[in-house]
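Heads up: the sequence shown begins at 6 in the numbering used here, then just goes up one per residue.
Even glycine gets a Cβ: it sits at the ideal position worked out from N, Cα and C.
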Amino acid sequence: MRISFLVILAFAMMGCKKDVQLAKASRTIDSTMVDHTPVYLFFEVKDKDTMVQVNRNNTISTTNWVFNVDKRLPLRLAIPQIIKLQNKRKNDDVHTEDIAGNYYSYTDSIQRSLAFISFKSISYTYDSYFSSIYVKENPEYHMHFQTYYINFKQDKSITVDGNEVSQSELLAFLKDYIAFSGEGKRNLIYLNFDEEVSFDTYLSNVVLLTELENETTQIATTHFIYNKKKLPDCNCY
C-alpha cells in the first residue's frame with residue numbers, strides 16, 4: 006500500500022505540533038510499514054544555534070520504530086541521539102530487538118511518496134575514527150575483501166579512495182572502479198561522513214549506494230561519522 010508523503014506529514018504535524026522536513030532520495034527501498042511507532046528528531050534554532058529535539062513519547066518496544074529525522078540537522082546533532090536510542094532499545098529488551106526493526110523515513114523524490122530504509126544492522130562510530138584506520142587495525146577480517154572508502158566532506162566534495170568524484174558521477178564511477186580493481190575478491194565499501202554533513206546528504210547517499218549491493222559487493226554496516234579535528238594524523242582524510 007502506498008502512503009502519501011503529504012498525508013503522513015500532516016499527521017506528524019498534528020500529532021507533534023512541529024514540522025519535520027524529511028530527507029529525499031531517488032529510489033524507494035521499502036514503501037510499506039506496518040506495526041510501527043514514530044520517533045521524531047526535530048530541527049530547531051535557538052539564539053542562532055542549531056539544536057535537535059527528540060520526541061519518542063509514543064514508542065512501543067514491540068513495534069518497528071520509524072525515525073523521522075529532519076534533513077537539515079547536521080550529523081553531529083542527529084547521530085549521537087540515534088546512537089542513544091539504538092542502545093536504549095537494545096538494553097530495554099534483547100528479545101524484542103530480534104523481532105522489531107529500526108527504520109528511517111524519507112521522501113522518494115521521483116515517486117513523490119513516503120519510503121523507508123532499515124538501519125537495524127547499522128552501527129555508528131563517532132567522532133574520531135575513520136574506516137581506513139579500522140581496516141588497518143583489523144587485517145585478518147579484511148584479507149578476503151577488496152575494501153573501498155567513500156568520504157563525504159563538509160564542503161560537499163566526495164572522494165573514493167582519495168579520488169575526487171562529483172555527486173552526479175558517484176554511482177557510475179564506483180561501478181567502473183569496482184569492476185576494474187575488484188581482483189576477484191568480495192567488495193566491501195565503507196562510508197565516512199564529516200559530522201557537519203546534513204542528514205539529508207547522509208541518507209540520500211545511503212539509499213543511492215544500495216544500488217551497488219549484490220552477491221559480491223556490500224556496503225559495510227559500520228558507518229563512520231568523524232570530526233576532522235579529532236582524527237589522528239593518519240593521512241587518511
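Residue i to residue j span [Cα, whole Å]
i           : j           : result
residue 68  : residue 185 : 43 Å
residue 178 : residue 131 : 28 Å
residue 26  : residue 77  : 7 Å
residue 5   : residue 121 : The structure shown does not extend to residue 5, since the chain spans only 6 to 242, so no value can be given for it.
residue 31  : residue 202 : 19 Å
residue 163 : residue 224 : 17 Å
residue 104 : residue 52  : 42 Å
residue 158 : residue 114 : 24 Å
residue 212 : residue 125 : 14 Å
residue 237 : residue 139 : 12 Å
residue 227 : residue 42  : 25 Å
residue 87  : residue 133 : 17 Å
residue 219 : residue 180 : 12 Å
residue 232 : residue 189 : 34 Å
residue 102 : residue 40  : The pLDDT assigned to residue 102 is 49, lower than 50, so where the model puts this residue is not dependable; a value taken from the coordinates is nonetheless given after this. Those two C-alpha atoms are separated by around 14 Å.
residue 239 : residue 165 : 17 Å
residue 193 : residue 160 : 25 Å
residue 182 : residue 66  : 42 Å
Chain-order list of residues whose beta-carbon lies under 6 Å from that of residue i (same chain, five-residue window excluded)
i           : result
residue 93  : none
residue 136 : 154, 195, 197, 229
residue 74  : 46, 83, 204
residue 23  : 47
residue 123 : 106, 108
Those residues which DSSP pairs with residue i across a bridge
i           : result
residue 228 : 129, 196
residue 29  : 112
residue 49  : 56
residue 223 : 193
residue 35  : 121
residue 247 : What is shown of the chain runs 6 to 242, which leaves residue 247 out entirely.
Neighbour flag for residue i against chain D, beta carbons, 7 Å
i           : result
residue 123 : Among the protein chains of the structure shown there is no chain D, as only one such chain exists.
Given residue i as reference, the closest of the options once Cα atoms are compared
i           : options           : result
residue 118 : 219, 33, 104, 142 : 33
residue 173 : 224, 105, 214     : 214
residue 191 : 161, 176, 151     : 151
residue 57  : 87, 200, 48       : 48
residue 59  : 139, 65, 238, 44  : 44
residue 187 : 148, 105, 143     : 148
residue 156 : 91, 220, 87, 170  : 170
residue 128 : 143, 90, 110      : 90
residue 235 : 106, 70, 200, 88  : 200
residue 29  : 107, 70, 116      : 116
residue 168 : 241, 210, 85, 208 : 241
Chain-order list of residues whose beta-carbon lies under 7 Å from that of residue i (same chain, five-residue window excluded)
i          : result
residue 7  : No answer about residue 7 holds up, because its pLDDT of 41 lies below 50 and its placement is not dependable.
residue 18 : With a pLDDT of 46 at residue 18, under the threshold of 50, the modelled position of that residue is not reliable, and the figure given next carries that caveat. Cβ within range, chain order: 24.
residue 64 : 42, 44, 70
residue 61 : 44, 90
residue 81 : 200, 201
Assumed close pair residue i, residue j - CB separation to whole angstroms, cut-off 8 Å
i           : j           : result
residue 55  : residue 79  : 7 Å
residue 110 : residue 50  : With 8 Å as the limit, residue 110 and residue 50 do not qualify as a contact, their Cβ atoms being about 22 Å apart.
residue 176 : residue 216 : 6 Å
Neighbourhood of residue i by C-beta distance below 8 Å, restricted to the same chain and skipping five residues each side
i           : result
residue 208 : 28, 30, 74, 76, 109, 111, 122
The ligand FAD heavy atom lying under 6 Å from the CB of residue i
i           : result
residue 182 : With respect to small molecules bound, the structure shown includes none, and the ligand FAD cannot be examined in it.
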